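Shown next, in structure tokens, is the structure this report addresses.
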Amino acid sequence: MTDYLPLPGTPVNELDTPCIVVDLDIAEANIAKLQAAANEMGVDVRPHFKTTKSPYWARKQLAAGAIGICCAKVGEAEVMVEAGVPDVMITNQVIGASKITRMVALARAANLIVAVDDSSNVQQLSEIASAAGAELGVIVEINVGQDRCGVDGDGGVELARQIAASPGLRFDGLMGYEGHIVAERDYETRKTEAEKSMAVLLGAADQIRIAGIEVKVVSASGTGTYSITGRVDGVTELQCGSYIFMDGDYVDVFDDFAPALSVLATVVSRQREDLAVADLGLKSISIDRGFADVLSPTGATIIGHSEEHTKIELSSEAARALKVGDKVRVRPRHGDTTINLHEYYFGVRNGRLEAAIPIPGRGKFR
Ligand SMILES: Cc1ncc(COP(=O)(O)O)c(C=O)c1O
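In case it helps, the working numbering puts the sequence shown at residues 150 to 515.
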């Protein structure tokens with residue numbers, strides 16, 4: 150099996166499709182910008198691997214000054230540890246003996262931290278880690294308004310006590326992801342609600358400290374709230390992920406970071422004057438946040454997908470000039486779920502391929 154990768158130097162418009170294209174200058178500038186903002190706010194950066202799924206980008210984020218990498222799943226953490234990343238935080242609950250055993254194995258090679266919100270899970274983590282002679286860092290997830298996982302603010306103390314007293318476990322602190330508000334378009338609402346969320350998180354940290362337990366880590370934030378949450382006194386680190394590429398959904402939130410990600414497709418059929426069909430289907434772009442925005446040509450709108458096809462309505466003269474074999478470039482509304490469909494990024498600089506960048510974390514959702 151060969152991946153038929155294009156050679157470095159290939160012009161963007163000659164890349165085989167469908168493929169995801171990253172403008173390397175822009176993504177690198179986004180990494181530098183978040184790190185500089187965090188340095189100025191006095192907070193650490195622990196970028197989320199759920200976006201890039203690629204050690205190539207994690208290395209760049211660490212080289213810029215990140216203290217470690219967040220992962221969503223044990224499978225992602227395995228990719229990170231194999232790539233030599235020394236500090237990995239799993240920002241979700243890891244449930245069941247088989248996953249916990251895999252995670253504990255990673256704790257031999259890296260500082261491994263995991264989120265919890267349940268006492269029986271803490272007990273099983275402790276049993277498996279201590280039997281293996283390993284030490285797992287543990288943070289309690291607090292529900293700061295997203296109503297997904299996480300105990301209420303008052304529930305933190307009990308779990309922190311249990312963790313601190315459990316062999317094989319080290320209580321590190323708290324996390325609270327304000328995911329319900331990160332993509333709010335109105336800045337004032339985003340700020341007010343993010344600050345409310347952080348008040349819940351810091352209130353929980355205070356209660357644990359009053360109980361005599363040290364809280365080292367207070368981890369929070371997504372891309373849309375980095376400059377709000379990062380300024381809240383007591384938050385120690387930011388878990389942003391999307392800032393590196395900025396998908397279509399985030400482009401509508403703010404322009405603090407520039408969009409670096411697009412998907413390139415080829416017109417494969419041209420049967421009607423006002424319609425082009427491209428080779429971009431549901432297997433190569435996600436539509437959970439809506440159809441992608443067409444960047445070029447202008448005057449073209451995606452109106453439907455099937456597994457391997459996209460129907461594009463053509464309303465301008467430039468768009469109607471599209472021929473079979475021409476390229477169409479779009480920006481996905483949701484980057485993370487689109488990237489998860491691909492094996493490589495095509496990293497471009499000055500309009501030419503610099504590197505095909507593997508995505509070994511794709512599909513690692515177990
Ligand atoms: C727990 C957690 N932390 C951080 C993030 C990063 O958010 P963003 O992609 O907005 O930067 C996510 C995104 O889903 C998340 O689930």
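Idealized CB from N, CA, C, for every residue including glycine. A quick note: this is a predicted structure, and the numbers were derived from the prediction, not measured.
Report task. Take V293 as the anchor and find which of A246, A441 and G352 has the nearest alpha-carbon. Result -> If we check each option's Cα against that of V293, G352 comes out closest.
Query - L513 Cβ short of 7 Å to ligand 1 heavy atom set - result: Going by the sequence as given, residue 513 is Lys instead of Leu. No, since every heavy atom of ligand 1 falls outside the 7 Å radius drawn around the Cβ of K513.
Query - Three-state class that DSSP yields for E124 in the structure shown - result: With the chain covering 150 to 515 only, the question about residue 124 has no answer from this structure.
Report task. Would you mind working out which of S279, L173, E276 and M238 sits nearest A264, comparing C-alpha positions? Result -> For A264, the closest of S279, L173, E276 and M238 by C-alpha to C-alpha distance is M238.
Query raised in the report: With distances taken between CB atoms, is the gap from G373 to V331 smaller than 8 Å?
Result: Yes. Within cutoff.
Query - Near ligand 1: T372 beta-carbon under 7 Å from a heavy atom - result: T372: yes, Cβ under 7 Å from ligand 1.
Requested in this report: Excluding the 5 residues preceding and the 5 following S315 in the sequence, name in chain order all residues of the same chain whose CB lies nearer than 7 Å to its CB.
Outcome: Hits under 7 Å: V271 and S275.
Query raised in the report: Cα separation between A449 and V412?
Result: Using only the alpha carbons, I get a separation of about 15 Å.
Query - A264 - partner residues in DSSP beta bridges - result: Within the DSSP secondary-structure output, A264 pairs in a beta bridge with Q242 and I288.
Report task. Determine which residues share a DSSP beta bridge with H483 and list them. Result -> In the DSSP output, where bridge partners are listed per residue, H483 has none listed.
Requested in this report: With a 10 Å radius around its C-beta and 16 neighbouring C-beta atoms as the bar for buried, classify L156 as buried or exposed.
Outcome: So L156 ends up on the exposed side.
Requested in this report: Would you kindly work out how many angstroms separate the C-alpha atoms of K513 and Q242, rounded to a whole number?
Outcome: It is roughly 15 Å from the alpha-carbon of K513 to the alpha-carbon of Q242.
Query raised in the report: Roughly how far, in whole angstroms, is the beta-carbon of V287 from the beta-carbon of I312, given that I think they are within contact range, below 8 Å?
Result: About 5 Å separates the two Cβ atoms, so the contact holds.
Query raised in the report: Any contact of the stretch 176-195 with the stretch 377-391, i.e. 3+ C-beta pairs under 8 Å?
Result: Cβ pair count under 8 Å is three or more, so yes.
Query raised in the report: Alpha carbon to alpha carbon, what distance is there between V479 and D303?
Result: Cα-Cα distance, rounded: 45 Å.
Query raised in the report: Does ligand 1 have even one heavy atom less than 7 Å from the beta-carbon of Y494?
Result: Not so, every heavy atom of ligand 1 lies at least 7 Å from the Cβ.
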